[in-house]
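Residue numbers (the working numbering): 10 to 331.
The beta-carbon is built from N, C-alpha and C at its ideal position, and this holds for glycine as well.
This is the structure:
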């Protein structure tokens, strides 16, 4: 009869710790997500589970540690003193654990898990889905939440559980890592019907008498056009007939002949080529808009984010001119 193999006390303690390590890491991940999301329901959505499950995990962690981590009421949630210490330690431990796993796996690490990305509506629908599909084909163990918003800034990446965002326009949040991907040319366009009772404008100042449409994300009641050869700047002020925050709506209103508009060259080029729109004063253009990939500073970035950055950096310049 084979005798059972005896473990050294240190080995037994290590085995006991590792046996429950996965569960404990999951509990800590849930707790950190609750704190950063601001409530249990938001944490559940970001973790892809239910609020009762998140609540049970929180209770299990509190029972395991023997302390109360959160004071909750109907309308608020507040960390206890023990909860604050636990949050800091848990966040650091999770970062170190992820870095430890990544270091051991090295170049063989395959991206996996959920990646949450924010992108502008029009750009995210029409130009970025193909590189996103390429990324998902390369890394089949990754799932992506593709969230479309036209805000130029995202107030709190961490509480929203966002890994990264593609933003068009000048950046206002200096607390983010920002990689400039490209610039979006912006041109002046109108439907041919706008010109039916007006002569073709030759200079920027000739646009002053036209009805205007505005894309309030980037311009509202005035625009500055630059002469591409001389560098001269012309300011035009107007009261827009329609003001919108959506590039597709601006394009449709322009096609309806409601006014002159300034839009991204990539979304308008087919309309110009087909004759549905006319580019006005092509020697005058608005300042190009920068395109950035932004994400929070961190000591460690998972492989799914690092590989996504690689794919998007290579794809965006082509999508703007392809």
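Inclusion of residue 177 and residue 129 in the CB contact set at 8 Å is warranted, their separation being smaller than that value. Inter-residue distance for residue 59 and residue 316 is about 29 Å (C-alpha atoms, whole angstroms). In the structure shown, the three-state DSSP call for residue 166 is helix. Closest in C-alpha terms to residue 196, from the list 287, 154, 231, 124, comes 287. Less than 8 Å separates the beta-carbon of residue 66 from that of residue 35.
Between residue 191 and residue 325, the CB-CB gap stays under 8 Å. Distances from the CA of residue 249 to each of 262, 237, 313, 241 were compared; the closest alpha carbon is that of 262.
In this structure, residue 242 keeps its C-beta atom at 8 Å or more from the C-beta atom of residue 45. At least 8 Å separates the beta-carbon of residue 123 from that of residue 47.
Ranked by Cα distance from residue 103, the first of 132, 300, 39 is 39. Nearest to residue 71 by C-alpha distance, out of 37, 134, 52, is 37. Residue 253 counts as buried, since at least 16 other C-beta atoms from the protein chains shown sit within 10 angstroms of its C-beta. Your pair residue 157 and residue 134 checks out as a contact, with CB atoms roughly 7 Å apart and the cut at 8 Å. Boundaries of the beta strand (DSSP E) around residue 177: 173-177.
Taking a contact as a CB-CB distance under 8 Å, the pair residue 289 and residue 303 does not count as one, their CB atoms being some 33 Å apart.
Here residue 274 has 194, 196 as same chain residues with Cβ atoms under 6 Å from its own Cβ, once five neighbours each way along the sequence are excluded. For residue 68, the enclosing alpha helix (DSSP H) begins and ends at 60-74. For residue 235, the uninterrupted beta strand (DSSP E) run begins and ends at 231-236, by DSSP. A distance below 8 Å between beta-carbons, with the five flanking residues on each side excluded, links residue 185 to the following residues of its chain, in chain order: 166, 303, 304, 305, 306.
Around the CB of residue 212, fewer than 16 other CB atoms lie within 10 Å, so the residue is classed as exposed. Per the DSSP secondary-structure output, residue 155 pairs in a beta bridge with 126. Between residue 77 and residue 91, the C-beta gap is smaller than 8 Å, which places the two residues in contact.
The residue among 260, 308, 298 with its C-alpha nearest the C-alpha of residue 285 is 260. The C-alpha of residue 313 is placed about 9 Å away from the C-alpha of residue 152. In this structure, DSSP gives residue 253 an extended state, which the three-state scheme calls strand. When only Cα atoms are considered, residue 203 and residue 172 end up about 44 Å apart. For residue 292, the CB contacts under 8 Å within the same chain, skipping 5 residues up- and downstream, are 236, 237, 238 in chain order.
The stretch 235-315 contains, as complete beta strand (DSSP E) runs of 3+ residues, the segments 242-246, 251-253, 270-273, 293-305 (chain order). In the three-state reduction of the DSSP assignment, residue 184 falls in the coil class, being assigned neither a helical nor a strand state. Residue environment: residue 138 is assigned as exposed (fewer than 16 neighbouring CB atoms within 10 Å of its CB, all protein chains considered).
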